[in-house]
Amino acid sequence: MRHFFLLFISVIVIDLGVAQTTISSESSAPSYVRLVMFDGTSRMGEMLESTDSEVVIKTLQLGVVRIPKYLVKGMATIADREYELLIAAFEGRELELNPQSSRYFFAPSGFQMRRGDGYFQSNIALNSVSYGVTEHITIGGLISFAGAGGQLKIGKQLSPNTHASFGGIGFMDYNGNLVDRPIGLVFANMTWGTENRNITFNIGTGTAFEDGVGDFYAYTTDSTEYSWMPGQYYYTFNVTEYDQEWVRPLLINISGMNRI
1 MRHFFLLFIS VIVIDLGVAQ TTISSESSAP SYVRLVMFDG TSRMGEMLES
51 TDSEVVIKTL QLGVVRIPKY LVKGMATIAD REYELLIAAF EGRELELNPQ
101 SSRYFFAPSG FQMRRGDGYF QSNIALNSVS YGVTEHITIG GLISFAGAGG
151 QLKIGKQLSP NTHASFGGIG FMDYNGNLVD RPIGLVFANM TWGTENRNIT
201 FNIGTGTAFE DGVGDFYAYT TDSTEYSWMP GQYYYTFNVT EYDQEWVRPL
251 LINISGMNRI
């Protein structure tokens, strides 16, 4: 009986040791996360620390990275096996597609913004904001130190690698000193390729602008010769016809991108 009791105690001690070892092993197991940023990019790695102000992860390419939480849109836990597969599949690349595929730096593309997506573009001359109302309609606003305006783009995917869109932009300065009326631009785009590798053909036209002062056709009202200085003479006349040219610009552009 005494030997049985000692054996029973030994089994309990061994079980407790195994349990403690298991718990310790589980608590030290790494946790992997994927962070989705507000700019559309992703970060993936081992979670080291999360505070009220920042998230600290260990990435494969950059090592330990501290990311302010105000830049993080969402965070998801990744299983060990899923993390290994993602690392193998996306090694050397970002996880997200191009978040600004709907336009290039200076011209739109045939891609549309997804519903609920938006972005803000800023430079010295002009600031703009765009928002995807639906999968096919994008609206936006323009503002600068000289004036403000709006924009609209409608588009559709024609085939897996072909996208088309058309739209317009309107602009007016604040006090009318730059232009005497609102100016506009209408455009159409065809894009071939994927969001990370594509080429786009753009064509557009805009508000007609005055080219010179034009030609006058006139007749004199009398034959009286007037002079206000010696050697300088003039006659009074009435304008019967005024011919003035207006030039409507034609814009053609080819843009492309290849993500590296």
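If you count the sequence shown from 1, position 187 lands on 187 in this note's numbering, and the numbers rise without skipping. The beta carbon of each residue, even a glycine, is placed where N, CA and C say it ideally should be. All of these numbers come straight from a predicted model, not from anything done at the bench.
Option nearest G140 by Cα separation, candidates A29, G118, N123 and T77
Here residue 140 refers to the residue found at position 140 when the sequence shown is read from its first residue. Distances from the alpha-carbon of G140 to those of A29, G118, N123 and T77 put G118 closest.
Can you check which of these residues, D173, M172, R248 and I78, is closest to T205 by C-alpha distance?
Sequence index remark: in the sequence shown, residue 205 carries index 205 (1-based). Nearest of D173, M172, R248 and I78 to T205, Cα basis: R248.
Exercise. Secondary structure at A125, three-state DSSP: helix, strand or coil?
Worked result: For this step, residue 125 is matched to residue 125 along the sequence shown. The answer is coil: DSSP assigns A125 none of H, G, I, E or B.
Got a sec, what are the start and stop residues for the beta strand (DSSP E) D173 sits in?
Here the question's residue 173 lines up with position 173 in the sequence shown. D173 -> beta strand (DSSP E) spans T162 to D173.
**Study point:** Local conformation of S24 per DSSP, three classes
**Key:** Reading the sequence shown from its first residue, position 24 is the one you call residue 24. For S24, the pLDDT reaches just 41, beneath the cut-off of 50, and the residue's location in the model is therefore unreliable, although a value from the coordinates is still provided. In the structure shown, S24 falls within a helical segment according to DSSP collapsed to helix, strand and coil.
Distance, D80 Cα to T138 Cα = On the sequence shown, residue 138 is found 138 positions in, with the first residue counted as 1. On the sequence shown, residue 80 is found 80 positions in, with the first residue counted as 1. Each residue's Cα considered, the two are about 39 Å apart.
Notebook entry, point to check: Buried or exposed: S122, going by 16 or more other Cβ atoms within 10 Å of its Cβ?
Noted result: Your numbering for residue 122 matches position 122 in the sequence shown. Label assigned to S122: exposed.
| message | Less than 7 Å between the beta carbons of G170 and G155, yes or no? | response | Position 170 of the sequence shown, counted from the start, is the residue given in the question as residue 170. Position 155 of the sequence shown, counted from the start, is the residue given in the question as residue 155. Not in contact: G170 and G155 (Cβ atoms no closer than 7 Å).
| Apart from the five residues just before and just after N253, which ones in its own chain have a Cβ nearer than 6 Å to its Cβ? | The count along the sequence shown starts at 1 and reaches residue 253 at position 253. Correct list, in chain order: A107 and N202.
Helix, strand or coil at Y131 according to DSSP, with G and I counted as helix = Taking the sequence shown and counting its residues from 1, one reaches residue 131 at position 131. In the structure shown, Y131 sits in a strand (DSSP, three-state: E or B).
*Tell me where the beta strand (DSSP E) around V36 begins and ends.*
Locating residue 36 in the sequence shown gives position 36, counting from the first residue. V36: member of the beta strand (DSSP E) spanning Y32 to M37, first to last residue.
- Starting from the C-beta of I78, find all residues in its chain whose C-beta is less than 8 Å away, skip the five residues before and the five after it, and write them out in chain order. Position 78 of the sequence shown holds residue 78. If we look at I78 and ignore the five residues flanking it on each side, its Cβ neighbours are Y32, V33, R34, M44 and L86.
N202 lies in the beta strand (DSSP E); which residues open and close that run? For the purposes of this step, residue 202 is taken as residue 202 along the sequence shown, with counting starting at 1. Unbroken beta strand (DSSP E) run through N202: R197 to G206.
Checklist entry - Nearest CA to the CA of K58: which residue from P182, P30, G184 and V179? => result If you number the sequence shown from 1, residue 58 lands on position 58. Nearest to K58 by C-alpha distance, out of P182, P30, G184 and V179, is P30.
* Asked: Under 7 Å, do G176 and K153 count as touching if we go by C-beta distance?
  -> Residue numbering aside, residue 176 sits at position 176 when the sequence shown is read from its first letter. Residue numbering aside, residue 153 sits at position 153 when the sequence shown is read from its first letter. Taking a C-beta distance under 7 Å as the contact criterion, G176 and K153 do not qualify as a contact pair.
key: Closest Cα partner of S163 within the set S101, E82 and V133   = Mapped onto the sequence shown, residue 163 falls at position 163. According to the sequence shown, residue 163 is His rather than Ser. By alpha-carbon distance to H163, the top candidate from S101, E82 and V133 is S101.
*Would the beta-carbon of S130 fall within 7 Å of that of N189?*
The residue you call residue 130 lines up with position 130 of the sequence shown. The residue you call residue 189 lines up with position 189 of the sequence shown. With respect to N189, S130 sits apart: the two C-beta atoms are not nearer than 7 Å.
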